[in-house]
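Peer 1: The sequence shown stops at residue 332 when you use our numbering, and every number in between is there.
The beta-carbon is built from N, C-alpha and C at its ideal position, and this holds for glycine as well.
Next up is a structure, given as structure tokens.
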Amino acid sequence: MRIVYKALAALALSALATTASAQQYPEKPIRLVIPFPPGGGTDVVARVIAQKLGESTGWTLVADNKPGSGGSVGLSLAGKAAPDGYTIVLAQNANLVINPILGKANYDPIKDFAPIGLVASAPQVLVVAKDSPIKTVEDLIAAAKAKDGKLTFASPGVGTSSHLAGELIQQIAGVKFRHVPYKGAAQALPDLLGGRVEIYISSVPSAMVQIKEGVLRPIAVFATKRDADLPDVPTFEEKGLKNSEAVTWWGLAAPAGVPAPIVARINTELNKVLQQPDTKAKLRSAGAEALGGSSDEFGALIKSDVPKWTAVIKAADVKVAD
């Protein structure tokens, strides 16, 4: 019994020490790993959150851009850091969930990371050139069936979120496109506007300038509700294509093993700043909608995305070249 009591006492002391550590946290700057170069969408979202957390709490968050391999370099570095709460990462579904499924990452999205909280999201949108005969989802499906697999679909690369959104909608609608991958939007859009490819899928923020200029026509968004920036554009869900959500989401994560009280502390402060009108406005200017929620809810989203995109990738036989 003395052994049992000693073990229980040790556990109690450990719990007290962890709680005390969380109450004193942070005692030094926190490194925020950004797995993309400066200036991109993920970088903008990360710096908004770092700034607002600093203003709200007095914490010092040091942005550390670690680009490479579609975000996998930064995620790998963060996942291997000490689980003390002083290294966190702004992850995306593309690098946290999809890259491991495609074999482009050496980490497990569930086992190697502790979810802290969902930050924001932006849906994908299917667009065509302004003079395209495709004006509605019904037109899109009819054209795909008439062309019997030859309707050309451009994406910014094999295995990207845009590519997989296109594969998802084909599987749900029961049609087939001919995928034409590019090295990015800068290469794909001229061919779309020139009529060399017929449809393109992009994140809403990436396509907004051309949509506002009238050179691109949005057909539908991959979301459960209409996007605030495109209120007149329907969702694929509205058109009867259920379970067609395909968004880019961003969330804070830490290495697995970070004490739960520290995760809870960061999550609490994150949710506070995400409710601030200025934070919402800054994220909206970047094309993202502020979200929030518990760490468990973010973890559940990650866990649900893994089988969803695994099934899409398997059904489409998506393979990324080494």
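1) In or out: residue 6 buried (at least 16 other Cβ within 10 Å) or exposed?
2) Have a look at 222, 193, 93 and 85 and flag the residue whose alpha-carbon is nearest the alpha-carbon of residue 115.
3) What does residue 245 pair with, by DSSP beta-bridge criteria?
4) Taking DSSP as the reference, what is the three-state secondary structure of residue 209?
5) Can you tell me which of 185, 171 and 187 puts its alpha carbon nearest to the alpha carbon of residue 195?
6) Taking residue 101 as the reference, which of 92, 297 and 45 has the closest Cα?
7) Out of 160, 136, 307 and 327, which has the shortest C-alpha to C-alpha gap to residue 232?
8) Taking 8 Å as the cut-off, does the stretch 92-100 touch the stretch 62-69 (at least 3 CB pairs, one atom from each stretch)?
9) The beta strand (DSSP E) that contains residue 280, what's its start and end?
10) Can you say whether residue 219 is buried or exposed, counting buried as having 16 or more other CB atoms within 10 angstroms of its CB?
11) Looking at C-beta atoms only, is the number of pairs between the stretch 293-312 and the stretch 54-65 that lie closer than 8 Å three or more?
12) The alpha helix (DSSP H) that contains residue 308, what's its start and end?
13) To the nearest angstrom, how far is it from the Cα of residue 20 to the Cα of residue 314?
14) Can you list, in chain order, the residues of its chain with a C-beta nearer than 7 Å to that of residue 121? Leave out the 5 residues immediately preceding and following it.
15) Do residue 62 and residue 286 have their beta-carbon atoms positioned less than 8 Å apart in this structure?
16) Measure from the alpha carbon of residue 305 to the alpha carbon of each residue in 201, 163, 179 and 279, then state which is nearest.
17) Using a Cβ distance threshold of 8 Å, determine whether the stretch 80-94 contacts the stretch 143-154, with at least three qualifying pairs required.
18) How about residue 277 and residue 126: do their beta carbons lie closer than 8 Å?
19) Output yes or no for whether 8 Å exceeds the beta carbon distance between residue 316 and residue 168.
20) Output yes or no for whether 8 Å exceeds the beta carbon distance between residue 134 and residue 325.
21) Please look up how many angstroms separate the CB atoms of residue 190 and residue 162, rounded, as I've assumed it's under 8 Å.
22) With a threshold of 16 other CB atoms inside 10 Å of the CB of residue 253, please say whether the residue is buried or exposed.
23) Looking at the ligand SAH, does it come within less than 7 Å of residue 82, judged from the CB to the closest heavy atom?
24) Taking the straight line between their C-alpha atoms, what separation do you get for residue 319 and residue 301?
Peer 2: Reading from the atomic positions:
1) Residue 6 lies beyond the residue range present for the chain, which begins at 11 and ends at 332; the question has no answer from this structure.
2) As a first step, residue 115 is located in the sequence shown; it is residue number 105 there, counting from the start. The option with the nearest alpha carbon to residue 115 is 85.
3) As a first step, residue 245 must be located in the sequence shown, where it is residue number 235. Answer is 231, bridged to residue 245.
4) Reading the sequence shown from its first residue, position 199 is the one you call residue 209. Secondary structure at residue 209: strand, using DSSP grouped into helix, strand and coil.
5) Counted from its first residue, the sequence shown places residue 195 at position 185. The shortest C-alpha separation from residue 195 is found at 171.
6) Indexing the sequence shown from 1 puts residue 101 at position 91. Residue 45 is the option with its Cα nearest to residue 101.
7) In the sequence shown, the residue the question calls residue 232 occupies position 222. Among 160, 136, 307 and 327, the Cα nearest to that of residue 232 is on 136.
8) no
9) The count along the sequence shown starts at 1 and reaches residue 280 at position 270. In this chain, residue 280 is not harboured by any beta strand (DSSP E); it is covered by the alpha helix (DSSP H) spanning 270-284.
10) Sequence index remark: in the sequence shown, residue 219 carries index 209 (1-based). It is exposed - the Cβ of residue 219 has fewer than 16 other Cβ atoms within 10 Å.
11) Taking 8 Å as the limit for Cβ pairs, the verdict is that the stretch 54-65 does touch the stretch 293-312.
12) By one-based count along the sequence shown, residue 308 stands at place 298. Segment 305-326, the alpha helix (DSSP H) holding residue 308.
13) The count along the sequence shown starts at 1 and reaches residue 20 at position 10. The count along the sequence shown starts at 1 and reaches residue 314 at position 304. With a pLDDT of 49 at residue 20, under the threshold of 50, the modelled position of this residue cannot be trusted; read the value that follows with caution. So the two alpha carbons sit approximately 37 Å from each other.
14) Taking the first residue of the sequence shown as position 1, residue 121 is located at position 111. Result list for residue 121: 266, in chain order.
15) For this step, residue 286 is matched to residue 276 along the sequence shown. For this step, residue 62 is matched to residue 52 along the sequence shown. Closer than 8 Å, so yes.
16) By 1-based counting over the sequence shown, the position of residue 305 is 295. Of the candidates 201, 163, 179 and 279, the one whose C-alpha sits nearest the C-alpha of residue 305 is 279.
17) no
18) Here the question's residue 277 lines up with position 267 in the sequence shown. Here the question's residue 126 lines up with position 116 in the sequence shown. In this structure, residue 126 lies closer than 8 Å to residue 277 by Cβ.
19) Here the question's residue 316 lines up with position 306 in the sequence shown. Here the question's residue 168 lines up with position 158 in the sequence shown. No, Cβ-Cβ distance for residue 316 and residue 168 is not below 8 Å.
20) Taking the sequence shown and counting its residues from 1, one reaches residue 134 at position 124. Taking the sequence shown and counting its residues from 1, one reaches residue 325 at position 315. Result no, Cβ atoms of residue 134 and residue 325 do not sit closer than 8 Å.
21) Position 180 of the sequence shown, counted from the first residue, corresponds to residue 190. Position 152 of the sequence shown, counted from the first residue, corresponds to residue 162. That pair is a contact at about 5 Å.
22) Residue numbering aside, residue 253 sits at position 243 when the sequence shown is read from its first letter. It is exposed - the Cβ of residue 253 has fewer than 16 other Cβ atoms within 10 Å.
23) Ligands are entirely absent from the displayed structure, and the ligand SAH is therefore not among its contents.
24) Position 309 of the sequence shown, counted from the start, is the residue given in the question as residue 319. Position 291 of the sequence shown, counted from the start, is the residue given in the question as residue 301. Cα to Cα, the separation comes out at about 22 Å.
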